[in-house]
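Chemist: Dropping the structure in here first, questions after.
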Amino acid sequence: MTLQSMTGFARVEGTSGRTRWAWELRSVNGKGLDLRLRLPPGLEALEADVRRLAGEAFARGNLQIGLTTSVSEAQVEAVVNEGALAAVLALRDRLAGTIDPAPLKLDTLLSVRGIVDFREAEESEAETQARDRDIRAGLAEAIRRLADMRRKEGTALADVLLGQVARIEALTAAVEADPSRSVAAIAERLATQVATLMQGATALDRDRLHQEVALLATKADLREEIDRLKSHVRAARELIAEGGPIGRKLDFLAQEFNRESNTICSKSNAAAVTAAGIELKVVIDQFREQVQNLE
Numbered sequence: 001m002t003l004q005s006m007t008g009f010a011r012v013e014g015t016s017g018r019t020r021w022a023w024e025l026r027s028v029n030g031k032g033l034d035l036r037l038r039l040p041p042g043l044e045a046l047e048a049d050v051r052r053l054a055g056e057a058f059a060r061g062n063l064q065i066g067l068t069t070s071v072s073e074a075q076v077e078a079v080v081n082e083g084a085l086a087a088v089l090a091l092r093d094r095l096a097g098t099i100d101p102a103p104l105k106l107d108t109l110l111s112v113r114g115i116v117d118f119r120e121a122e123e124s125e126a127e128t129q130a131r132d133r134d135i136r137a138g139l140a141e142a143i144r145r146l147a148d149m150r151r152k153e154g155t156a157l158a159d160v161l162l163g164q165v166a167r168i169e170a171l172t173a174a175v176e177a178d179p180s181r182s183v184a185a186i187a188e189r190l191a192t193q194v195a196t197l198m199q200g201a202t203a204l205d206r207d208r209l210h211q212e213v214a215l216l217a218t219k220a221d222l223r224e225e226i227d228r229l230k231s232h233v234r235a236a237r238e239l240i241a242e243g244g245p246i247g248r249k250l251d252f253l254a255q256e257f258n259r260e261s262n263t264i265c266s267k268s269n270a271a272a273v274t275a276a277g278i279e280l281k282v283v284i285d286q287f288r289e290q291v292q293n294l295e
């Protein structure tokens, strides 16, 4: 599975009958999947389809999904008031003996108020179903395009993250290979520190001395931190290769990376190791910033 970014945009528009419609989808970072919909009056029934399709395509992200519609041209139809027409014809028949019996013409009937009304033609049931079907198909296409954009950005993010993981690995190797971590260097530092402890101490307890030496040795040893960093590097690469919604997992790994780099900086007795630890923190912060964009 490929990685997905949580940012993207898609627009799909079309025409169905006299109705012109357009879908716009915007996606940004989010802790979960949060949908905000804007649907025109009369099309609220589409909400269920929107939520279903978005839930199938995405695991995380704040999505703003909007639909706009407009009627391209109004069609007018004439509606005859049958009751009013019947009343007029009945009046003509009743007055046939007292007034001119000439036949009623259409223009005469049209001039009688209430006989004919003109209004915008309503869509047939078949036209409404075809419109809704086209709009739903447009929604599916818009979600597909948004998912494609998020995957493209996710692929680019994967390259960035792998580069940062490689930098973390290189800095970890630099800490591991630093001369200050050699047995001789550690022994020399311990000897100096023990000598400092002994100065002015006429009766230093042997057990206390062993405790202090053990503490100094523990502080000088970065083996555990280095091993954990290497393990986290392997885990990060495996997750990126696995793909899918791994943003939360990588964010947890970034916290673990940061914890080990903090410990290295606090334990360091060498300028080169401290510098590498600080650089580690910078790269890890950059790594975590990028991870925030991943689904």
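For the sequence shown, the positions run 1 to 295 when full-length UniProt numbering is used.
All C-beta atoms, glycine included, are put in the ideal place defined by N, C-alpha and C.
All of these numbers come straight from a predicted model, not from anything done at the bench.
1) Going by C-alpha distance, which of Val12, Gln290, Leu294, Ile284 is nearest Arg145?
2) With a Cβ-Cβ cutoff of 9 Å, do Leu139 and Leu253 count as a contact?
3) What would DSSP say about Asp178, mapped onto helix, strand or coil?
4) Going by CA-CA distance only, name the one from Val165, Glu225, Glu279, Cys265 that's closest to Leu250.
5) Determine whether the beta carbon atoms of Ser72 and Arg36 lie at a separation below 9 Å.
6) Just list the beta strand (DSSP E) runs in the segment 106-174, keeping only unbroken ones of 3 residues or longer that don't cross its boundaries, in chain order.
7) Quick one: using the 10 Å Cβ neighbour count with 16 as the cut-off for buried, is Leu161 buried or exposed?
8) I'd like the list of long-range same chain contacts for Ala59, defined as Cβ closer than 7 Å, with 5 residues on each side in sequence excluded.
9) Got a sec, what are the start and stop residues for the beta strand (DSSP E) Asp221 sits in?
10) So is Leu89 buried or exposed if we call it buried at 16+ other beta carbons inside 10 Å?
11) Identify, in the order they occur along the chain, each residue of the same chain with its Cβ nearer than 7 Å to the Cβ of Leu110, setting aside the five sequence neighbours on each side.
12) Can you grab the Cα-Cα spacing for the pair Leu3 / Ala235, in whole Å?
13) Under a three-way DSSP split, which group does Glu235 fall into?
14) Less than 8 Å between the CB of Ala96 and some heavy atom of the ligand NAP, yes or no?
15) Determine the burial state of Thr15: buried for a count of at least 16 other Cβ atoms within 10 Å of its Cβ, exposed for fewer.
16) Opposite Gln64 in the DSSP bridges: which residues?
17) In the DSSP output, what is Thr15 paired with across the bridge?
18) Evaluate Ser268 with the Cβ neighbour count: other Cβ atoms within 10 Å of its Cβ, from every protein chain shown; 16 or more gives buried, anything less gives exposed.
19) Assign Ser266 to one of three DSSP states: helix, strand, or coil.
20) At what residues does the alpha helix (DSSP H) containing Ile278 begin and finish?
21) If Ile240 sits next to Ala158, beta carbons under 8 Å apart, how far is it from one beta carbon to the other, in whole angstroms?
22) Just grab the DSSP bridge partners of Val80 for me.
23) Classify Met1: buried if its beta carbon has 16 or more other beta carbons within 10 angstroms, exposed otherwise.
24) Excluding the 5 residues flanking Gln286 on each side, which residues of the same chain have their C-beta closer than 7 Å to its C-beta?
25) Expressed to the nearest angstrom, what Euclidean distance is found between the alpha-carbon atoms of Arg38 and Glu260?
26) Please name the residue in Ser231, Ile278, Gly243, Ala272 whose C-alpha comes closest to that of Glu256.
27) Output the boundary residues of the alpha helix (DSSP H) element that contains Ala57.
28) Within 10 angstroms of the Cβ of Ser27, are there 16 or more other Cβ atoms? Answer buried if so, exposed if not.
29) Among the candidates Ile99, Gly30, Glu24, whose CA atom is the shortest distance from the CA of Thr69?
30) Helix, strand or coil for Ala86 per DSSP?
Modeler: Straight from the coordinates:
1) Val12
2) no
3) coil
4) Val165
5) no
6) 116-120
7) buried
8) Leu33, Pro245, Glu295
9) Unbroken run through Asp221: none, as it is neither H nor E.
10) exposed
11) Val116
12) 16 Å
13) In the sequence under discussion, the amino acid at residue 235 is Ala, which differs from the Glu named in the question. Of the three classes helix, strand and coil, the one that applies to Ala235 here is helix, per DSSP.
14) The model depicted lacks the ligand NAP and carries no ligand whatsoever.
15) exposed
16) Arg26, Arg36
17) Arg20
18) buried
19) helix
20) 271-291
21) 5 Å
22) Val116
23) exposed
24) Gln164
25) 46 Å
26) Ser231
27) 47-57
28) buried
29) Glu24
30) helix
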